[in-house]
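Data first, discussion second: the structure below is written as structure tokens.
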Amino acid sequence: MSAKAQRTPPGLRILLIGFLIVWLILAAFPFLWTMWGSFKVEGDFFSKADWSQALTGEMTLTETGEAFTGQGYYGAWVQEEFWRAALNTFVVCFSVVLVSLFCSTLAGYALSRSTYNYAFWLLIAALIFRAMPPITLVSGYLLPFFEWNLWGHISTTVIVLVAINQPFSLWMLTSFFRNIPKDLDESAMVDGCTRFQAFRHVIIPVMWPGVITTGLFSFLLAYNDFAVTAMLLEKENQTMVPKIASFLGTTQTKGNVMFAVAAVVSSTAPLFIMVMFFQRQIVSGLTAGAVKG
Amino acid sequence: MKHGTFFAFVLPSVLAMLLFIALPVGSVLLQSVHAQHDQVIVEVENCGPFGCTATTAIDQQATEALRREQPLGKFVGLENYFNRGHLATGEVAEAWRTSDGLRAFLGELMNLPFYRAIAFTITYTALVTPLTIALGFAIAVAVNATTRILRGPLIFVSLLPFIITPLVGSLVLFWMIDARGILGHSFQWLAGNPDLSVKASTPLMWIMLMVYGVWHSAPFAFVVFYAGLQTVNQDTLEASMIDGANRWQRVRYVTIPHLMPLVTFVALIQLMDNFRVFEPLVSFNAAAHANSLSYYIYQDLGGETRLLNSAAATSVLTIIGIAILLTPVLFRTWRDHKRA
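Going line by line, the protein sequences match chains A and B.
The opening residue of the first sequence carries number 1 in the working numbering; numbering runs sequentially from there.
The opening residue of the second sequence carries number 1001 in the working numbering; numbering runs sequentially from there.
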């Protein structure tokens, strides 16, 4: 096709560019604004007088003597011990990703190679499980967990998150494994490998791109979860997201809402870095299920 | 693959799903037909110089012991489903008899917590899903029209609202629309009303919650549609041009049909995710103006007195709602599978 015929007419082009600029502002501005504001005092970020004070930092200047202050961060990380929550989040996410990948890689491989009907029904069951709102499941956990003293432990939360994560991981990995030719492992089995040996020596070396992408999404699910971590963890071993939610209840009355702002910015940073390094994998993961059916 | 090997491979995953997704559903069902034991009442006889009088008192110890012994409580059948907190059949019938006109009846209905939650959940799902798809499609088309070098950074920025923790993302937005925040100020200035506050107005709160919903999930729709746009058949496009199709007709009759399976996929995922809308209500502190099914369960579960049975009944009703939502999709998948 000639390039000329495909070219967008100038009017439409301006419209598209204008729309794109508006969208970029919508997508990025809230984060930039909150990050900037987290280095100010409450009187500036939530200014009664004039919103431009958040930019100039008048109150910050009069209260602390400088245009930027780390008060919010000090209050959140040191005073309210946000570092503990950050550590818990790290432990939870790391374990969820490892355990979840272990289970779903094995199952996804088997699902992609099985030709029986029950493999299809297992995937449909997983789809139904995916539709279940996590909070309804939490309401099922609480009573038995209280009775059997399982409530409030990090390990319980990890296993629950792994389970909730399974349906999505299964779908994604099954579709990745389907793209690895069957001949590869079948010829290994002709050479005398068992199914497991074929998986171990032939599939594992080539499966990493798919596994890394799935791992990223498992991480996101564990990191972003609120329903499960808020209800199943005690105050002592809370992760970051419920901790931020608890800031809203307790510190807002004390006038320390800036702690929450600083905590929010801190918890966003790892996600930004992740998108920066793994953008390609995230995009391929989001489209994997859709494009291949 | 042999049956035995297959089951060995899927065992850990299936076990996790059975124990922590299938069994909890059973647990929720069981809890929803039980209620906590009533307090044990004992009759105490007080005898004085003028004879004996019988009084009733609560036996705290016996109550505790009974509740500890049978934590599930007593069987009450479907009572939990029909009480005031849920389907409220009695109240609904009463409202139907007494209120004049549909409007008054609906107003009465909105005072019942379950109907309030379901009204918001359904409105949210029904509006946010199509708007997300439309906005995502528009962004995909716009990004697709730019030069190749720009697309990487454009996708990076566009992904941010989606990748962000929902609770955190809605907080960021909420602080901006606070009466003292930058957007709150602008609204007041635009409306010329210095007392305007999203926190004080139900319609504004609903709108902002939905704006958040679209903002959060549009990038997902965008990425899927953008990937789909890369695979539009160029020959078909060219053929349609030779046949004299203009720009709009090419979009309408070539691009959109090509993207249709993706629209179904995005709609399915969005329906599931929007029906469970939860975190923004926590961040927006919206309990006074809006409630969703998930938030209603959360409120019952948290707090001083954990109303486990009430939460369980709401959960069962929510799961039924999800099932109704998914039936058409499942039915279609099953038909396709049988045909294949």
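Where a beta carbon is used, it is the ideal one built from N, C-alpha and C, also for glycine.
- For Ile180/A, there is no enclosing alpha helix (DSSP H), since its DSSP letter is neither H nor E.
- For a Cβ distance threshold of 7 angstroms, residue set Ala110 and Ser114 of chain A lies close to Phe1006/B, ordered along the chain.
- Using a Cβ-Cβ cut-off of 8 angstroms, Ser1315/B counts as an interface residue toward chain A, since at least one Cβ of chain A sits closer than that to its own.
- For Val1254/B, not one C-beta of chain A is nearer than 8 angstroms to its own C-beta.
- For Trp1175/B, the nearest CB of chain A lies under 8 angstroms from its own CB, placing it at the interface with that chain.
- Val1224/B carries a helical assignment under DSSP once its states are collapsed to helix, strand and coil.
- Residue environment: Glu80/A is assigned as buried (16 or more neighbouring CB atoms within 10 Å of its CB, all protein chains considered).
- When DSSP states are grouped into helix, strand and coil, Cys1047/B belongs to the strand group.
- The DSSP-derived three-state label of Val283/A is helix.
- According to the DSSP assignment, Met1241/B belongs to the alpha helix (DSSP H) that extends over Gln1234 to Ile1242.
- Comparing alpha-carbon positions, the option among His153/A, Thr105/A and Thr174/A lying closest to Ala119/A turns out to be Thr174/A.
- About 4 angstroms separates the CB atoms of Arg130/A and Pro167/A; that is less than 8 angstroms, so the two are in contact.
- Within the stretch 108-151 of chain A, the complete alpha helix (DSSP H) runs of at least 4 residues fall at 117-131 and 134-147.
- Restricting attention to Ile1322/B, Arg1247/B and Leu1308/B, the CA atom closest to the CA of Arg1276/B is found in Ile1322/B.
- Annotation for Val1141/B: the continuous alpha helix (DSSP H) segment containing it runs Pro1113 to Asn1144.
- Annotation: Cβ neighbours of Pro30/A in chain B (cutoff 7 angstroms, chain order): Val1172, Leu1173 and Met1176.
- With a contact defined as Cβ atoms closer than 8 angstroms, Phe1120/B and Asn1291/B qualify at about 6 angstroms.
- Proximity of chain A to His1337/B at the Cβ level (cut-off 7 angstroms) is accounted for by Phe120, in chain order.
- In the three-state scheme derived from DSSP, where H, G and I count as helix and E and B as strand, Thr1063/B is classed as helix.
- At least one beta carbon of chain A lies nearer than 8 angstroms to the beta carbon of Ser1027/B.
- Remark: C-beta atoms of Ala1313/B and Tyr1124/B do not approach each other more closely than 8 angstroms.
- Ser1283/B and Ser1170/B do touch by the CB rule: their CB atoms are close to 4 angstroms apart, below 8 angstroms.
- Membership of Lys1338/B in the alpha helix (DSSP H) is indicated by the continuous run Leu1308 to Arg1339.
- Here DSSP, grouped into helix, strand and coil, assigns Phe39/A to coil.
- Between Phe1162/B and Phe1220/B, the C-beta spacing is below 8 angstroms.
- Here Ile21/A carries a helix assignment [DSSP, helix/strand/coil].
- In the assembly as shown, Ala67/A is an exposed residue. Its beta-carbon has fewer than 16 other beta-carbons within 10 Å.
- In the three-state reduction of the DSSP assignment, Cys1052/B falls in the strand class.
- Arg1250/B: member of the alpha helix (DSSP H) spanning Arg1247 to Arg1250, first to last residue.
- Selection Ala1288/B, Met1001/B, Pro1280/B and Cys1052/B evaluated against Phe1174/B yields Pro1280/B as nearest (Cα-Cα).
- Ser155/A has a beta carbon lying at 8 angstroms or more from every beta carbon in chain B.
- Residue Cys193/A holds the alpha-carbon nearest to the alpha-carbon of Val202/A among Pro209/A, Gly11/A and Cys193/A.
- Taking C-beta separations shorter than 8 angstroms and ignoring five residues to either side along the sequence, the partners of Asn1046/B in its chain run Cys1052, Thr1053, Ala1054 and Thr1055, following chain order.
- Residue pairing by DSSP places Lys1074/B opposite Ala1035/B in a beta bridge.
- Interface annotation for the stretch 129-153 of chain A against chain B: Phe129, Arg130, Ala131, Met132, Pro133, Pro134, Ile135, Thr136, Leu137, Val138, Ser139, Gly140, Tyr141, Leu142, Leu143, Pro144, Phe146 and Glu147, criterion Cβ-Cβ distance under 8 angstroms.
- Near chain A, meaning a CB-to-CB distance below 9 angstroms, the residues of the stretch 1278-1308 of chain B are Phe1278, Glu1279, Val1282, Ser1283, Asn1285, Leu1293, Ser1294, Tyr1295, Ile1297, Tyr1298, Asp1300, Leu1301, Gly1302, Arg1306 and Leu1308.
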